[in-house]
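Worksheet: the structure to be examined is printed underneath.
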Amino acid sequence: MSALTYERRDMCRPCPVDAITQGSIFNYAFSEDLDNKNVLGMLISARCDLANLKTSKYSYVPVVSLEDYIFHYLARKLFLDQKKEEVGKIKNMVKDLGHDPGIIDVYGIKKCIDKIVEKQKAKEKANEAFEKIESLNELINKNSDRYTKDDLAIIPSKKFKSEFSDLSQNKAEGYYLIDDVVDHNNREASLGPHVVLLREVHHMSAEIAEFIKKGCVHDELLEAGNSAPSLVLGKGRMSYVLCNMASPYIELVMQRFSNIFSRVGVKDPHKNLGERFFMDYIIG
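Per this note's numbering, the sequence shown starts with residue 1129, numbered consecutively.
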């Protein structure tokens, strides 16, 4: 691990006894992609609903470790982006040779390289991109549970740094970084940086919410045959509230969450509009 240090924001607060609220983080939450991992969950239902258990169901979003975020979400995105970039290189090469880049989609990359690219140096460059695309395809089709750091080496380091910068500044759409999740009910244990998956909304019953509030012993649910789709049940486990997101961070989480589902698409302004303003009002 790097010796580089940084100051972590104090984003988690102890939770009152026998209480849950918007921003409460609990353990062993179900997630579509990581249901066999120790995923956390963050309740996002309205505070008044949770305080009074007004409704029959409550909403939460998964909270995953930074490592799981990198290997299960970020890596695949970067593999796909890198593949698109490599294909673009070959299409530009084909275009420069006077051919329609669309023929690559019809005949395939390798055949186009062999038939169209004649100069040895250009052919070597095209084949290098093709081999990289083949490697990326293998990684894209690979189970993310089996990704390794060696697999990530195919992505330029500057792209990871850019993604981490966006994440740390909470500019990564659909994700929110918590610098350090602290389990205030387990000797203030630091669980490290985690990422909130804002797009993956799940629900839990009021009954399970009440169990979590008091401390939900999985063995009791399993023995009683109770169904709890919002939890990954296991013998010897207990789901409880680790902490609450502190203000104003929880308000920012909810703002980012609502922005995802309330965006309105409109036509972009003409690309020359800024230039026209410059000519009219500055050059004049």
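The C-beta atom is built at its ideal place from N, Cα and C for all residues, glycine as well.
* When Ser1358, Ser1318, Val1324 and Leu1370 are compared against Lys1342, the one with the closest alpha-carbon -> Counted from its first residue, the sequence shown places residue 1342 at position 214. Closest option to Lys1342, Cα to Cα, is Leu1370.
* Asked: Would you call Val1234 buried or exposed, if buried means 16 or more other Cβ atoms sit within 10 Å of its Cβ?
  -> Position 106 of the sequence shown, counted from the first residue, corresponds to residue 1234. By the neighbour-count rule (16 or more Cβ atoms within 10 Å), Val1234 is not buried but exposed.
* Asked: Taking the Cβ atom as the reference point for each residue, do Ile1336 and Ala1356 lie within a distance shorter than 7 Å?
  -> Position 208 of the sequence shown, counted from the start, is the residue given in the question as residue 1336. Position 228 of the sequence shown, counted from the start, is the residue given in the question as residue 1356. Yes. Within cutoff.
* Asked: Are Val1345 and Phe1158 close, meaning C-beta to C-beta below 7 Å?
  -> Position 217 of the sequence shown, counted from the start, is the residue given in the question as residue 1345. Position 30 of the sequence shown, counted from the start, is the residue given in the question as residue 1158. Taking 7 Å as the Cβ cut-off, Val1345 and Phe1158 do not qualify as a contacting pair.
* Would Thr1149 pass as a contact of Leu1178 if the rule is Cβ separation under 7 Å? -> For the purposes of this step, residue 1149 is identified with residue 21 of the sequence shown, where counting begins at 1. For the purposes of this step, residue 1178 is identified with residue 50 of the sequence shown, where counting begins at 1. Yes, the pair counts as a contact, with Cβ atoms nearer than the cut-off.
* **For Lys1251, the three-state DSSP class (helix, strand or coil)** => Taking the sequence shown and counting its residues from 1, one reaches residue 1251 at position 123. DSSP places Lys1251 in helix when its eight states are reduced to three.
* Asked: What is the DSSP secondary structure of Cys1371, reduced to helix, strand or coil?
  -> For the purposes of this step, residue 1371 is taken as residue 243 along the sequence shown, with counting starting at 1. Of the three classes helix, strand and coil, the one that applies to Cys1371 here is strand, per DSSP.
* **Sequence-distant residues of its chain with Cβ nearer than 8 Å to Arg1175 (five each side left out)** => As a working note, residue 1175 is residue 47 in the sequence shown. The answer, listed in chain order, is Thr1149 and Gln1150.
* Note down the Cα distance separating Leu1267 from Ala1281, rounded to an integer number of angstroms. => Position 139 of the sequence shown, counted from the first residue, corresponds to residue 1267. Position 153 of the sequence shown, counted from the first residue, corresponds to residue 1281. The alpha-carbon atoms of Leu1267 and Ala1281 are separated by roughly 12 Å.
* For the beta strand (DSSP E) holding Ser1193, just list the boundary residues, first then last. => On the sequence shown, position 65 is the one that residue 1193 refers to. Looking at the DSSP string, the run of the beta strand (DSSP E) that includes Ser1193 is Lys1185 to Ser1193.
* Asked: Hey, is the stretch 1316 to 1326 in contact with the stretch 1190 to 1210, meaning 3+ C-beta pairs nearer than 8 Å?
  -> yes
* Asked: When the distance is taken between beta carbons, is Val1189 closer than 7 Å to Ile1172?
  -> To locate residue 1172, count along the sequence shown from 1; it is residue 44. To locate residue 1189, count along the sequence shown from 1; it is residue 61. Cβ distance < 7 Å, so Ile1172 and Val1189 count as in contact.
* Using a threshold of 7 Å, state whether the C-beta atoms of Ala1203 and Tyr1303 are closer than that. => If you number the sequence shown from 1, residue 1203 lands on position 75. If you number the sequence shown from 1, residue 1303 lands on position 175. Their beta carbons are not under 7 Å apart, which means Ala1203 does not touch Tyr1303 by this criterion.
* Asked: Can you tell which of Leu1319, Lys1363, Glu1301 and Glu1338 has its C-alpha closest to the C-alpha of Asp1307?
  -> Looking up residue 1307 in the sequence shown gives position 179. Residue Leu1319 is the option with its Cα nearest to Asp1307.
* By the 10 Å Cβ neighbour count, where 16 or more other Cβ atoms means buried, how is Asn1269 classified, buried or exposed? -> Mapped onto the sequence shown, residue 1269 falls at position 141. Exposed is the call here.
* Asked: Using the C-alpha atoms, what's the distance from Met1366 back to Phe1154?
  -> Along the sequence shown, one-based indexing puts residue 1154 at 26. Along the sequence shown, one-based indexing puts residue 1366 at 238. Between Phe1154 and Met1366, the C-alpha separation is close to 10 Å.
* Are Glu1213 and Lys1260 touching if we call contact CB-CB under 7 Å? -> For this step, residue 1213 is matched to residue 85 along the sequence shown. For this step, residue 1260 is matched to residue 132 along the sequence shown. Taking 7 Å as the Cβ cut-off, Glu1213 and Lys1260 do not qualify as a contacting pair.
* Just the C-alpha distance for Lys1219 and Val1329, rounded to the nearest angstrom, thanks. => What you label residue 1219 is simply residue 91 of the sequence shown in a count that begins at 1. What you label residue 1329 is simply residue 201 of the sequence shown in a count that begins at 1. The alpha-carbon atoms of Lys1219 and Val1329 are separated by roughly 39 Å.
* From Phe1258 to Ile1283, what distance separates their C-alpha atoms? -> The sequence position of residue 1258 within the sequence shown is 130, counting from 1. The sequence position of residue 1283 within the sequence shown is 155, counting from 1. Rounded to the nearest angstrom, the two C-alpha atoms are 15 Å apart.
* Report the three-state DSSP secondary structure of Gly1393 (helix, strand or coil). => Mapped onto the sequence shown, residue 1393 falls at position 265. In this structure, Gly1393 counts as coil in the three-state DSSP scheme.
* Asked: With DSSP run on the structure shown, which of helix, strand or coil describes Ser1296?
  -> Your numbering for residue 1296 matches position 168 in the sequence shown. Looking at Ser1296 - three-state DSSP - the assignment turns out to be helix.
* **Coarse secondary structure for Met1139, derived from DSSP in three states** => Taking the first residue of the sequence shown as position 1, residue 1139 is located at position 11. Coil, per DSSP.
* Inter-residue CB distance, Cys1143 and Ser1152 (contact presumed, cutoff 8 Å) -> Walking along the sequence shown from the start, residue 1143 turns up at place 15. Walking along the sequence shown from the start, residue 1152 turns up at place 24. Sure, about 6 Å apart at Cβ, within 8 Å.
* **Whole-Å CB distance - Ala1374 paired with Thr1183, under 8 Å assumed** => Numbered from 1 along the sequence shown, position 246 holds the residue referred to as residue 1374. Numbered from 1 along the sequence shown, position 55 holds the residue referred to as residue 1183. In fact, because the Cβ distance is near 25 Å, the residues do not count as touching under 8 Å.
* Any chance the CB of Glu1335 is under 6 Å from a heavy atom of the ligand NAD? -> Absent from the structure shown: the ligand NAD. Ligands present: none.
* On a CA-only basis, which of Lys1299, His1331 and Asp1224 is nearest Gln1383? Give me that one, please. => Taking the sequence shown and counting its residues from 1, the one referred to as residue 1383 is at position 255. Ranking the options by Cα distance to Gln1383, first place goes to Lys1299.
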